[in-house]
Structures are given as structure tokens and as C-alpha cells.
Amino acid sequence: MATLTTLRIRRKVFKGYLAVFLIPSLTFIAVFFLLPVILTFLIGLTDMDYSFKWNWIWLDNYIKILSDRWAYKIMMNTFFYVFSTLTFFNVGLALLISIATTHVNELVGSAFRALWLLPRITPSTVYALLWLWAARGEEYSLFNWILGFFGFKPIDWRLTHPWLIVILVNGFVGTSFGMIIFTAALKSIPEDYIRAAKVDGASTLQIIRHIELPLIKWPLLFVTAYQTLSLFTSYEYILLVTNGGPGLYTTEVWALYSYHLAFAQYGGIVKFGYGAALATILVIIGIIMSIIYLKMFRFSELMTEPKIEVV
Amino acid sequence: MRRGQLSLVTVILLIIALLVGVAVGYFAIPRGPAEDVEKIIQERDQLRQKVEELTAMLQPGEITVKVWTIGPDPPSEYRLRNIEIAADILNSMLEKLGANVTVKIDGEFFVRPVEWGEYKNNFYLAYQAGEAPDIYLTGHEDIGFLAENNYIIPLDDYINEYWDVVYYDIISTLWDAVKYKGKIWAVPQDTEARPMYFRKDVLRALGWSEAEIEALPKKIMSGEFTLYDLLDLAKQAKDAGLVERGILHRVKEGYDYFQFYLGFGGRLWDADAGKMVFTEDAWRKTLQWFYDAVYVYGVISPNQFSGDWDNDFHFPFTEGRALFLSGGTWHKGEWIQKGLLTEDQFNENIGYALHPAGEPGKSPVTLSHPLVYTITKLAQDRGVADIAFILITLATSPHLNSYHSVKSAHLAILYSQISDSRYVQDPFLHDVAYMLEYTTFIPNHPKWGDYSRIVFNILRAVETGDLGPDDAFQELKSQIQSELGDAVIFE
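Below you can see the structure in the form of C-alpha cells.
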């Protein structure tokens, strides 16, 4: 009994320590996440512009969004952009590269992954500029030059296939994040499991399907959830490559729409209030998506306290 | 204002008054009785004594004036440089007086990739942080918003006080551009016209004689050559394989597009009502013209609005790969400075005219967007508004402003500049001066930026084929109605 009481006391002290150690990060979250969210929500209830006046119009901005005939198209664009980039690149290609490069010679695998990091370490404006040159409509642009060998006529890629370019530009950068996480997870799988499977006669595909993928479930959850939220709020490459065009809101996503109205008007007239209301909707979607992911991947199981404790 | 600064301002005022007084005395008062001359000398000596007394009172030190200006074209650097020269002049005056005070300029001149929107954002955010400039150069159309929200101070008293120094000389129509609700809020810095440039060499290759080429601007001016003639001619040149592109226009949002609307008889501003205007017939025709230009005549690229300045605007035209370019006078300055054209090549191969009328019976047009120096409320709070105004006054001289006009190919703001030695030697500035008779200003309305943004989005949709001309018109009208409502008159 005495041992149990001691354990309880120790656990309380431990929790106390934890609380103390969490204060800095909780403060950080409060200042850099909670406070901006509250401010964004409050500004969304005003018609604030560069006069910085808190003129309360309450839910008018949200009513306006509901009657904004382009809001639906822009929301659909956003889902399309997030789903496509996430599926084909940020998770799909990242997983494929991780698996492929961990199943080949170590040196070749590492070199390939290092190369794939290049877009990540290139300044976004330079990276976008390279794409702009590559996708231009003239016959000497990279894409058209290559296709020219196969007899294709030059096309203006940003005009004819804007989504393809937007997703490629974002995907090539986005892949590297998942690639690093998945590779680290795959490498942390004990060799014994793989050897045991091989002894049992499992093929490489079977090892991937029945051992590696189940064992990297948590990193998969993390990357999917993190990249979904990240893509929902990302717009800088779209801004640089198509600026939401080429037509009327063709590649405009929700975050870019909010940015355009809140900050980026040629005449310097801005709509902080309306932009903040749009951003608030993005925050709500993000929270809902997070909850869905956490439920779907049973995140609570990961965070459950161990049933036994080694003292 | 601190005592030292008050004294400084008084001294400078007295110096300027002294100079004006002596000049007026010399030129205006008839040579005559010796007693009059004696009286003038006596008054001048009294004034000089007063100046010396006040100078002795000045607190020694350095007064910093923060100035923000923008090109974004690099040749417009004299927007800042002239204020710096003005500070040098002021400092030498103070030194001569023995005042141990200097004025220092903490200046910024923004150029591309910083565009107007970003520059203005920077200003408003810097203002909130208490770091805004004392002198802020901006487009005249912002005055309404800046004035309404106390970002800038009215300048009527200053201008009245210094009227005889230089302000009597400002071209009178420019005062309209800096007025809002009956007050003057800024000092004009420059203005410009937006010509339709054309390649003379391409027209020669099409079989035009020199006389025909030289007559084109006149045909445009008389309204004989319209926007649809422009399409025809551009198509001929393209079909003949002489050019890759027929007509180029700016690749980003801006105000130039409104010239097409004005050419079809559209109005932008109703001064009596103080409202912006949406002329339905003109907008219908403008959208139809843009659609025809891309999809019927094939002379504007459907992706022109997504292009970049060099590859889709400057290079194709200066290299002779496009026939027409809807630009601004300042582009000539940019081409010369960037080395894309020499003066000789420009004179030999480039012609310029007004923007043609949309259809017979309408008038050709151009659009002016005067840039202006404003003084911020922050400058007043810091006690440097008076110094800032003196700097602007000294920079607004025919001599200094002509540096700017000639280098950046902007037009004069002072009557006396038209006879300035450097200004008159520039044939281009001389040739385009007449365009100001056909000009329109952008409305000084706080919501003008919204009007411009909506128009840009719709024009882009028409060019890329997202919207046909009829749908585009309905969309344009509906967006203007829902976003701007009462601020716009529909006619």
C-alpha cells in the first residue's frame, strides 16, 4: 500500500512538473495561435479597412459570403487543390519515394532524397519563376521544347492547364516534407521484422503492405493531417504562378481570396473585415478537419497512457 | 512645434520672403525716384537684421525628415532625389546664415518588384507602427481616403502662404486632382499621358509611306482612326508575318484599361454628384472590343494578363515583334534607361498617338494619374510638417522638376517648365504635351480601388475566354452594384 501511495504522490509531482514545463509552449500557442484567431474572428465582425476603425457590422460579412456567387466556386477550387496535391504529392508521392529509396542502395536513396529537397531550400519566388519560364507558351520553354521532340505544338500551359501547373508547383515542394517523415519512420522499423518476414517467404510488396505500412500509421496520420491544414491555408505559389487566374477565379483558393481582399489590391484599398471573415471560415474548416482526422486515425490510442509503468 | 523649429521656419519664411521681396522690388517696381530705391534697400536691411536675430535663436541640431517615394519604374528616381537636393539647398541657406541646424533626409525610393499595392500597404502598416514617413508620395486618387482617415494634413494655408514662391506656376488643372471636399491635400509632383505607341518600321514593311505614318497620330486625334481600325491594322501586320503579337497592354492590374472605356464614350466621375460613373453602353462595347481583339482578330494574347513585364510587354515591342503598345509616357524613359532602345532608335522606329476613339463620332483619349506629395499627420505630430512643406516647395521648381520629367518621360507640372532649357530640348515631351488636352483623371473616391479591381477581374475573364462579352457585362454590372452601390451612378 505504501508503495502505491508513493507512486500516486510521485505521479502528482510529475504532473506538476509537466505543467511547469508546458507553460512556455502554452504561452506560445496562446500568443501566436489563440490570440490571432480571436482577433481574426473579431475583425471579421467589422468592416475594417486601412482606417483601422472597429466599426461593428456583426454577421454582415458572413451573410455577404453566403450571397457571394463566387464563394462556392472558390471553396470547390480549394477542396480540389487540397485533395489533389495531398493525394498525388504530399502523401502519395512522398510515400512512394520513401519506400522506393529505402529499398534501394543507401547511397543512391539518400542522394535522390537530397535532390528532392532542392525546391524546399530554393526561395519561393525563384522556384516559382523557374516554373513560369518552364511553362511559358513559346516553343523554347522547357515543357514545349521537350514535347517538341514528339511533334507536339507549343501550348501556353498556364492558360490551358492552370490546375496542372498549380498542383505540380505545390506538389514538388510539398512532397519533401512527407518524404523525410516517412523515410525516418521506415528506417526505424526493426530489421528483425523484415528478416522474419523474408524467412517466411514474403515478397517485397507483401513486406510493404503487411509490415511497413501498418507500422508507419502514426506518421501517415501526422503528415496527412498536417499537410491538409497546411494546404488549406497555403496560397503563395498560386499567387506567384497564376495569381488566381488565368480566368475569373479559375485557380483562386479560399486563402488567396482572403489575401487578395485583405491585402493585395492595386489601388491600396483593402477589406480587412471581409478578409478576416473568410479566414475565420478557414479556421473552422481546419478545426473540423483536424477532429475528423483524429477520430479516423484513432489518435487517442496513440496518446493513451501505458497500462504498465516501469518505475 | 519646438521653439527651435519655430524659429527655423520663421527664418526660412523670412528668407523666402526676402528673396521674393527683392525680386518683386527689382522687376515690378518701376525704376524711378531715388527715394523708392532707398526705401527698398532700407526694408531689405531691416529684414536681414531680423533674420540674423532669429538665426541666433536657433537650437543647434539635426532635423530628420522621412520621405517615401516610388517609381516603380527606376528612372523616376528624382521623386526622391529632388527632395534631397531641396534639403541641400536648405542646408546651404542655413549654413550661410550661421544657423547650426541641418536638415537630414531619411528617404526611400521603391522600385519593382515593389508595386503600388505593396507600397501603399507598407505605408498604412508603418503608420500604425508610428514609423510612417513625413512626406509620402502617392497617386492623387488616394487623397480622399487619406484625408477622410486623418493620415494627411490639408495644405491650403501653406499653399496660400507660399503661393508667390512657386504655386502660382502649377498648371491649373492639376489643382483639381489634389482637392477633396474643397481643400487642397497635396502638391502635384508629376503627371503623364498614356499614348498608344506604334512601330513605324512595321508600318513601313506593310507598305505605308512616311507621310502616311506621320499622319497616323493626326488621324487618331481627329477620331478618323478608331479602336476597330487598330484591330484591323494589327491583324494585317500579324497575318503578313511581320509581328508575333498585334497589340500589347499592361500585364498587371492598373488604370490604363479605362482608356478603352473612355474611348467608347464612358464616364468615370461625376463631379457634381461626387460619385463614380458606370456608362453601360460604353462598358458593353469595351468588353466586346476586348473579346474581338482576342478571339475574332487574334491580336491580343489570351494570357496577356498573366504575362510578365519584360517578356510580354517591353521586349516584344522594343524588339519589333509587336505593332502596338498601350503604355505610358514613362515607358519611353524606361526603355532608354534599360538600354532596350537608344534615342535614335526610338525616334526612327517608334511613333505615338492618343488612344483612339472607340467608334466614329467618339473622341480619342488619354488618362493622367498625377502623383502627389502629401504631408502626414505624423509629421505634424513630430513638429516637422513645416520643414517638410518647405522641402516640397523647394523641390517644386521648374529646374528640379525638369530633371525628373526628362529622365523619366513624365510631363510638366509647372507652366514655366514648358520653357525650361532641358524640357524643351526633349522632342518626345514636346510632342506629347498636346495629349493633356484630351486627358481624364482617375476619380478621387475612397472606393475607386474596388471599381478598378472588379474591372480588372472581368477583363481578365474576357481575354482568357472564361466569360463571353454579354455574360461579362452582366457580371461586371452586378459586382459593381453589389460592392459599390450608391457610390456609383449607372447611366
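If you're matching them up, the sequences are chains A and B in order. For the record, in the first sequence the residue sitting at position 251 is 577 according to our numbering, with numbers rising by one throughout. For the record, in the second sequence the residue sitting at position 114 is 288 according to our numbering, with numbers rising by one throughout. Ideal placement from N, C-alpha and C gives every residue a C-beta, glycine not left out.
| Asked | Found |
| --- | --- |
| Bounding residues of the alpha helix (DSSP H) (the contiguous stretch that carries B/Asp413) | 401-413 |
| Alpha helix (DSSP H) runs wholly inside the stretch 447-498 of chain B, at least 4 long, in chain order | 454-465, 489-492 |
| Runs of beta strand (DSSP E) wholly within the stretch 312-377 of chain B (minimum 3 residues, chain order) | 361-364, 370-373 |
| Residue ranges of each alpha helix (DSSP H) within the stretch 589-655 of chain B, 4 or longer | 595-598, 601-606, 622-637 |
| For B/Leu552: DSSP bridge partner residues | In the DSSP output, where bridge partners are listed per residue, B/Leu552 has none listed. |
| Nearest to B/His543 (by Cα), restricted to the options B/Arg627, B/Phe432, B/Trp463 | B/Phe432 |
| Secondary structure of A/Tyr585, DSSP reduced to three states | helix |
| Cβ neighbours of A/Val495 in the same chain (closer than 6 Å, five flanking residues each side left out) | Trp457, Tyr563, Val567 |
| Extent of the continuous beta strand (DSSP E) to which A/Gly370 belongs | Run containing A/Gly370: none; DSSP gives neither H nor E here. |
| Separation of A/Arg484 from B/Leu320, as counted between CA atoms | 38 Å |
| Spatial distance of B/Val376 from B/Pro369 (CA atoms) | 18 Å |
| Nearest-angstrom beta carbon gap, B/Gln591 and B/Pro617 [assumed within contact, 8 Å] | About 26 Å separates the two Cβ atoms, so there is no contact after all. |
| Any chain D beta carbon closer than 8 Å to B/Ala303 | In the displayed structure, chain D is absent; the protein chains listed are A and B. |
| Residues from the stretch 617-642 of chain B in contact with chain A, defined by Cβ distance under 8 Å | Pro620, Lys621, Trp622, Gly623, Asp624, Ser626, Arg627, Phe630, Asn631, Ile632, Arg634, Ala635, Thr638, Gly639, Asp640, Leu641 |
| Per DSSP, cross-strand counterpart(s) of B/Leu541 | B/Thr614 |
| Under the three-state DSSP convention, the category A/Tyr552 falls into | helix |
| DSSP bridge partner residues for B/Asp280 (one or two, in chain order) | B/Lys240 |
| Contacts that A/Thr568 makes with chain B (C-beta to C-beta distance below 9 Å) | Ser480 |
| Exposed unless 16 or more other CB atoms sit within 10 angstroms - verdict on B/Arg205 | Confidence is the limiting factor: at B/Arg205 the pLDDT is only 49, short of 50, which leaves the residue's position unreliable and the question unanswerable from this model. |
| Contact check, A/Tyr592 vs B/Ser480, beta carbons under 8 Å | no |
| Within 8 Å, strictly: CB atoms of B/Phe372 and B/Gly501 | no |
| Whether A/Val499 touches A/Pro445 by CB criterion (8 Å) | yes |
| Distance between A/Phe508 and A/Phe548 (C-alpha atoms, nearest Å) | 10 Å |
| C-beta neighbour in chain B for A/Leu574, strict 8 Å | yes |
| Any chain B beta carbon closer than 8 Å to A/Ala397 | no |
| CB of B/Trp504 within 8 Å of CB of B/Ala583, strictly | yes |
| Span separating the alpha-carbon of B/Ala202 from that of B/His604 | Here the model assigns B/Ala202 a pLDDT of 48, short of 50, so the residue's position is not dependable, and the following value carries that caveat. Each residue's alpha carbon lies about 31 Å from the other. |
| Residues bridged to B/Val546 (per DSSP) | B/Thr312, B/Pro362 |
| Cutoff 8 Å: B/Asn265 Cβ touching any chain A Cβ | no |
| Closer than 8 Å to chain B by CB, A/Thr599 | Per the sequence presented here, residue 599 of chain A reads as Gly, with Thr not at that position. No, no contact with chain B. |
| A/Leu421, DSSP secondary structure in three states | helix |
| Sub-8 Å separation of A/Ala528 and A/Tyr619 beta-carbons | no |
| Three or more C-beta pairs below 8 Å linking the stretch 403-420 of chain B and the stretch 545-565 of chain B | no |
| Residues of the stretch 376-387 of chain A whose Cβ lies closer than 7 Å to any Cβ of chain B, in chain order | Tyr376, Ser377, Phe378 |
| Distance between A/Leu360 and B/Tyr354 (C-alpha atoms, nearest Å) | 42 Å |
| Residues near B/Leu499 in its chain [Cβ-Cβ closer than 6 Å; skip 5 each side] | Tyr371, Leu422, Phe491 |
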